[in-house]
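Report on the following structure.
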Amino acid sequence: MIAVLASLLISADATARDLVMSCRTMIPADVELQGRIILRNRKGIALDEYSYILKRNSSETELELKDDDGNIVQYEKGGRILKTDVTWSDLTLDYLWWDDFSFDKERESESVHGQKCAVVIMKKGDRTVRVWVDRKTGAMMQAEEFRGEKPLRRLWGTRIKKFGDRWMANVLEVETLGSGHRTKITVEKVK
-13 MIAVLASLLI SADATARDLV MSCRTMIPAD VELQGRIILR NRKGIALDEY SYILKRNSSE
47 TELELKDDDG NIVQYEKGGR ILKTDVTWSD LTLDYLWWDD FSFDKERESE SVHGQKCAVV
107 IMKKGDRTVR VWVDRKTGAM MQAEEFRGEK PLRRLWGTRI KKFGDRWMAN VLEVETLGSG
167 HRTKITVEKV K
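When we follow our numbering, the leftmost residue of the sequence shown carries the number -13, and every step to the right adds one.
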């Protein structure tokens, strides 16, 4: 199935559904990620830092956060996680499973990190997320969440690494636009 999707993605005839399905297949159903979530100011100086363990089993996801002293930190799943720019949606990419999606024709063939992308608008209720998908690989390159017509937050990968036989982003950046800070998510171990 992945080979079929990849051949569709190279084609200009790939549908928004083809692109979304490709992104979904790249997210492992059973995985444990370990790393750090680091809130930084504009100069890159760390303001807050947490270690995390994200466990995904089938379609259920759990997150454990710890402070620098190793204490478990409580957080709410809705909205931002603690003082960071990161939300539950950033960690789970839940918007890739929304059913309402279409191409953003105004942004057709934009590039992210030199990769030609298709841009897909995803909607659920009053939430809207714009996703840039690499037309060659079917990988999600960037996402922006909107409130009305205004971009509110942006997520993008800055580095990739091979864990076992899987290539994935091991450094992600999340920015609440206009906040003066951004949050880096690192992936250090994958099980």
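For every residue, glycine included, the Cβ atom is placed at its ideal position computed from N, Cα and C.
Please read these numbers as outputs of a predicted model, since none were measured by experiment.
Secondary structure at residue i, three-state DSSP: helix, strand or coil?
i: E131; result: strand
i: M12; result: coil
i: V6; result: helix
i: D120; result: strand
i: E92; result: helix
i: T1; result: coil
i: Y36; result: strand
i: S(-7); result: For S(-7), the predicted model reports a pLDDT of 43, less than 50, meaning its position is unreliable; a value from the coordinates is still stated below. DSSP places S(-7) in helix when its eight states are reduced to three.
i: D76; result: helix
i: W153; result: strand
i: L82; result: helix
i: I67; result: coil
i: G111; result: coil
i: E48; result: strand
i: E18; result: strand
i: D55; result: coil
i: K177; result: coil
So residue i and residue j are supposed to be a Cβ contact under 8 Å. How far apart are they, rounded?
i: A15; j: S44; result: 6 Å
i: R66; j: R168; result: Actually they are not in contact, since the Cβ atoms of R66 and R168 sit about 12 Å apart, beyond 8 Å.
i: L19; j: V176; result: 6 Å
Which word fits residue i, buried or exposed, when buried means at least 16 other C-beta atoms lie within 10 angstroms of its C-beta?
i: E46; result: exposed
i: W153; result: exposed
i: G21; result: buried
i: S95; result: exposed
i: R121; result: buried
i: D55; result: exposed
i: L5; result: buried
i: I31; result: exposed
Bridge partners of residue i, per DSSP?
i: R139; result: E131 and T162
i: R26; result: A32 and R168
i: A104; result: V119
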